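Working notes, beginning with the structure itself.
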Amino acid sequence: MDLSWDEPTFMNFTGPIISETSSAPRSQWHSNDVSAIFFSCAVVFHLVDKSCRLAVRHYFPRVYQELKSRNTTGPFFCFALASLVSLLTTPLCYHAFTILPDKSTLNFAHPGLAELCVGIRSFSWMHEMSGLELGTTLFLHHTTCLWVVISAAGLHLPGAKYLCLIIASCGVELATNTSAMLSYCGYKARENRLVWWLECINVASTFLGRAPAVYLALVSPWHRGLPWRHQAAWGIPVVLYAVYQSYVLYRRLVRMGVWHKVVGAVKTKE
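First residue of the sequence shown? That's 21 in my numbering, and the numbers climb one at a time after it.
Here it is in structure tokens:
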């Protein structure tokens, strides 16, 4: 099987290929617009954050008081910010799938909408890390994601923007955040059909969204013959990210009760 990046059939499963030299219109925000963009995002985030707080305070007063007594703003902050980034990057994720991956590099020197969204999500990772213990798997996840973004920006590796967009957010991150907030409020996937279906969407997004991105990110440096230092700086965090996503997938299947059913069926056949 030819894995050449110039093979036109390689990306057919994701949609039409658009080359860098294509005459198709491309949306790009210039650096002089960044301050206005950040201000607009801050206003929208503030409104979403306040809405989340008011909704939980009104419908789940016990949970709100418990979070308030712990002085914990992380769940609200993460939900609002990740939801905002998801809304901004939903069309970008589709665009990342339709553009040849090795032509898509992350460039913060001339930021576009993709770089802006990745930067905002990186800020939320740092905010979440400040309230986590070093031994938690979530801390490892945030550290790995930041490592990927820093490596992508510093090494100008092919396919970097493609992977960072998928890591930063997919459209289905809204479902992930919603199920997380419902879990905070006491709803479990095994007991609530809505949460169960949200978890199904999360499981599907792991395969359909993140798995191809991780695969292409691992293949690209080797295919291009980059120095081993660059391959290590890029490959190690990507592998860690893939391992963590596998663990998250396992935990979701356990929460849904699917894992135990599969294991039980295998043992019965044996």
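Here a beta-carbon is modelled for each residue, glycine too, at the ideal position from N, C-alpha and C.
Since the model is a prediction, treat every value here as computed from it, not as a measurement.
- Nearest neighbour of residue 218 by Cα position, chosen from 140, 79 and 273, turns out to be 273.
- Here residue 261 is not near residue 125, since their CB atoms are 8 angstroms or more apart.
- For residue 208, no alpha helix (DSSP H) segment is defined, and its DSSP state is neither H nor E.
- Rounded to the nearest whole angstrom, the CA to CA distance from residue 185 to residue 136 is 10 angstroms.
- With respect to the 8 angstroms criterion, residue 248 and residue 171 are not classified as neighbours on the basis of their beta carbons.
- By the criterion of a C-beta distance shorter than 8 angstroms, residue 280 is surrounded in its chain by 274, once the five residues flanking it on both sides are discounted.
- In the DSSP assignment, residue 183 falls within the alpha helix (DSSP H) that extends over 180-188.
- When secondary structure is reduced to three states using DSSP, residue 143 falls in the helix class.
- In the structure shown, residue 224 falls within a helical segment according to DSSP collapsed to helix, strand and coil.
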